[in-house]
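The numbering of the sequence shown is the working numbering, which starts it at 51 and goes up by one. Each residue gets a CB set at the ideal place from its N, CA and C atoms; glycine is no exception. Nothing here was measured: the structure is a model prediction, and the numbers come from that model.
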Amino acid sequence: MDTFDEITTLNTQGLPKQERDRMIASCRGFLRRANATEALSEALAVEKPDFTGFQHSSLTRIKNLFSGLAGDGVDRNLASLQELDLPTIVTLGLCLSTTKIKRMDKEDLQEVIHQAKEIGHRIKSIIYTSLPILQSIQLSVNLVLIYEFNQQAGEYISSLMGNHHVEWNNSVAYAETVPHGNKFRRLTALAMNRVATVYIPLDTTKYDCGIRLTANFSEVMLSTLFGYQPEVYGDRAEISALEHQVAPLLGDDVYRSIQATTIWERGREIRTSCVKATVYAGHVIVIDVAVTRTDAIELVNRGANHVGESGDGLV
51 MDTFDEITTL NTQGLPKQER DRMIASCRGF LRRANATEAL SEALAVEKPD
101 FTGFQHSSLT RIKNLFSGLA GDGVDRNLAS LQELDLPTIV TLGLCLSTTK
151 IKRMDKEDLQ EVIHQAKEIG HRIKSIIYTS LPILQSIQLS VNLVLIYEFN
201 QQAGEYISSL MGNHHVEWNN SVAYAETVPH GNKFRRLTAL AMNRVATVYI
251 PLDTTKYDCG IRLTANFSEV MLSTLFGYQP EVYGDRAEIS ALEHQVAPLL
301 GDDVYRSIQA TTIWERGREI RTSCVKATVY AGHVIVIDVA VTRTDAIELV
351 NRGANHVGES GDGLV
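This is the structure we're talking about:
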C-alpha cells in the first residue's frame, strides 16, 4: 500500500492541471471498483475456506431480484440485467436488493455487473448445485427464469457426471460409489465392502437423493432397526425402519438429513419410509436411505477427494 500512501499524502496543489485531472479520473475509477467489490462481498465470501452457507437475507434477495426481472415494463436498471447470464444474476441477487440496484447510477451499475460476471463464473459450480439457491429461485414469480435455471443446472450437473446415469426412485439419476469414512460414517460402516452408492436425480427440482448399500445379513440389526420378524416377513421382504431407532443406530447426521427430505413423515408413523431394507434372509440386506441433495453432493465430493479421482466431484 506504499503507492496508496504516496497518493494520499501528495501535494495536489503543486501538480499541473492535466496531471491533476488524470489523477482525479484514476481515483474515481479506483473508488468505483472498490465500492463495487465491497457491494459484492457476500458473493466473494463463497470462495473463502470458512464459508458455511448462505444467509437468509441473501436468499431472499435472490428471490426478489428474480421476481423483479419478470415481465415487461420493469425499472431501467433492472431491465439492463435481463440479458445477463444466470450465474451473474444470482451473484447480484446474493448481494444487492432490487431497491439498491434501481438507485445506482449507470457507471456504478456497469462496474458491479462487470465484477459480478467474474465472480459468477468462478462460483457457478456452487450456484448450480446449491439447494437453498434453487429453492429461492423457485419461490420467485419469474417462470421463465425458473425454467432456464432448472435446465441450465441440470445440464451443468450432467456435464460433470459423465455417463453414470441410472433409474432411481422413478427418476434418471447420477450414480457414484463412495468409500466409507467421509460422511455418514455409522451408515456406510454397515456396507459389506465398505462402499456405498449415492443417487442424485438429474432433475434439480427433486430435492431427495438416495444412498444404497449392501450389508451382511444380521438378525440383530434387522430386529432393532427394522423390527423384522422372520416368521412374519419370510425369506425375502421389503421393510421400513423404526423411526426412533434411526439416530441411535445410523447416527444423528443421517437422522437430520432424512428429516429434511420431502418424504419425511414428521412423526405421523412409527416407521419411516426414508430408511428401507430389502431382506434376503440368511444372505444380505440392501439398505436404502433418503437424504437431502446437499448432503448427497457433499458425500460425493468428499469421496472424490478421499480417493483422489481425476474428477472434481460436483462442486
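Give the straight-line distance between the Cα atoms of VAL341 and GLU92, rounded to the nearest whole angstrom.
28 Å
Taking ASP302 as part of the alpha helix (DSSP H), name the residues at either end of that continuous run.
302-309
Would THR264 pass as a contact of VAL350 if the rule is Cβ separation under 7 Å?
no
Would the beta-carbon of VAL248 fall within 7 Å of that of PRO229?
no
Classify ASN213 as helix, strand or coil using the three-state DSSP reduction.
Only weak support is given to the placement of ASN213: the predicted model assigns it a pLDDT of 47, under 50, and the question is left unresolved by the model.
Using the rule of at least 16 other Cβ atoms within 10 Å of the residue's Cβ for burial, across every protein chain shown, is LYS67 buried or exposed?
exposed
Between the alpha carbons of ARG111 and GLU281, how many angstroms are there, rounded?
57 Å
Among residues of its own chain, excluding the 5 on either side of LYS113, which ones have a beta-carbon nearer than 6 Å to its beta-carbon?
SER186, LEU189 and SER190
Cβ-Cβ distance between LEU90 and GLN165 below 7 Å
yes
Is ALA331 helix, strand or coil by DSSP?
coil
Just the C-alpha distance for SER107 and PHE267, rounded to the nearest angstrom, thanks.
48 Å
For ASN200 versus THR254, is the C-beta distance shorter than 7 Å?
yes
Consult DSSP for ASP345 and reduce its assignment to one of helix, strand or coil.
helix
Let me know the secondary structure DSSP gives ASP338 once reduced to three states.
strand
Restricting to Cα atoms, I'd like to know which of VAL296, GLU226, GLU97 and VAL339 is closest to ILE176.
GLU97
Candidates ASN192, ASN85 and ARG286: closest to GLN132 by CA position:
ASN192
Nearest residue (CA-CA) to THR344, options ILE313, ILE250 and LEU275
ILE250
State yes or no: is the C-beta of LEU136 within less than 7 Å of the C-beta of GLY204?
no
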